[in-house]
Amino acid sequence: MTKASMIALVSIAIYISSSFNFVYATGAATPGAAESNKFKVVGHVYCDTCRVEFETKISKPISGAVVKLECRNRTDGALTFQSPEIMTTQSGDYSIDVEGDYEDSDCDVTLVKSSWPDCSDMTEEWRKARVVLTTFDGVSGNIRFANSLGFKKKEALPECKKVLTDLGYYELQNELGNEVLP
Ligand SMILES: *[C@@H]1O[C@H](CO)[C@@H](O)[C@H](O)[C@H]1NC(C)=O
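Right, here's the structure in full:
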C-alpha cells in the first residue's frame, strides 16, 4: 500500500471515530431509553465506474437508486424488520428510520435497483452493508453509518487506469497475487 493510501485510510478512521464521538456527545442526554430506540441509518450509493468494488475519486453518486433495510433473527432467519424501499437523493445519499432494538438480528442495507441502465451490475457479496441496530453492544448514538454501496458500470472508464495507478491498486494486487502464488 502506498503512503498516500495509508494516510487516506487513517484519515477516514479518524473521521469516523470523531463522528461517533460527536453522536455520542449529543445522544448521551437520554440514557436508558432502550424500549423506544429510534435509529437513523444513513449511507451512500455510487456508480463504481472502475468496476473495482470500492469508491474512487471518479465514482459517481447515483440519485434515484433504490435500497431497503432488512433485519433477520440470527437464530432462525425470520424477518424482524423490513423498511419500505427508499430512494437515494440527488447526492446519492439515503436515510432510513428504524424503530426498536435489533440486538439478536443481523441487519443489512441491500441494493434493490439502480436508476442508471449502464451502471446497474451488482455483485452478490457487495450488494449489502451490515449495520448494527442495538445500543447493547457499546455503540451509542442514533445515527448508524452503513458502508457505501456501489453498482458496477458496464465498462470501466478509460481514466480508471491512471486513478488506480495513483492509488497503488496494481502494486497491491501484485503483492496479494504473489502471496497466493507458490
Ligand atoms: C429468534 O428465533 C429464536 C428461535 O426460533 C426465538 O427463540 C427468538 O425468540 C427469536 N428472537 C426474536 C427477537 O424474534
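Going letter by letter, the sequence shown gives residues -25 to -1, 1 to 157 in mature numbering (1 follows the signal peptide of the UniProt record, and there is no 0).
Every residue gets a Cβ at the ideal spot worked out from N, C-alpha and C, and that includes glycine.
Just so we're clear, the structure is a prediction, and the values are computed from it rather than from any experiment.
Option in the options with minimal Cα separation from residue i
i    : options                 : result
D81  : K88, T98, A53 and G67   : A53
D83  : S90, G116 and V16       : V16
L147 : V27, E134 and F56       : V27
Y77  : E45, L132, E134 and S90 : E45
Exposed unless 16 or more other CB atoms sit within 10 angstroms - verdict on residue i
i    : result
V114 : exposed
D72  : exposed
D23  : buried
K127 : buried
R49  : exposed
T140 : exposed
F14  : buried
T98  : exposed
Y145 : exposed
K103 : buried
L151 : exposed
S66  : exposed
R105 : exposed
S70  : exposed
heavy atom of ligand 1 below 7 Å from residue i C-beta
i   : result
A53 : yes
D79 : yes
T50 : yes
Residue i (DSSP reduced to helix, strand or coil)
i    : result
W25  : It is worth fixing the name first, because residue 25 is Cys in this sequence and not Trp. Coil, per DSSP.
N48  : strand
R65  : Residue identity differs from the one stated: residue 65 is Gln in this sequence, not Arg. Note: Q65 maps to coil in three-state DSSP.
D76  : coil
L54  : strand
V138 : helix
L132 : coil
L151 : helix
Residue(s) in a DSSP beta bridge with residue i
i    : result
S70  : V17
G125 : Y21
T98  : Paired residue(s): none; T98 is not in a bridge.
T85  : K43 and K103
P36  : Y21
Cutoff 8 Å: residue i Cβ touching any chain D Cβ
i    : result
G113 : Judged by its chain identifiers, the structure shown contains no chain D, having just a single protein chain.
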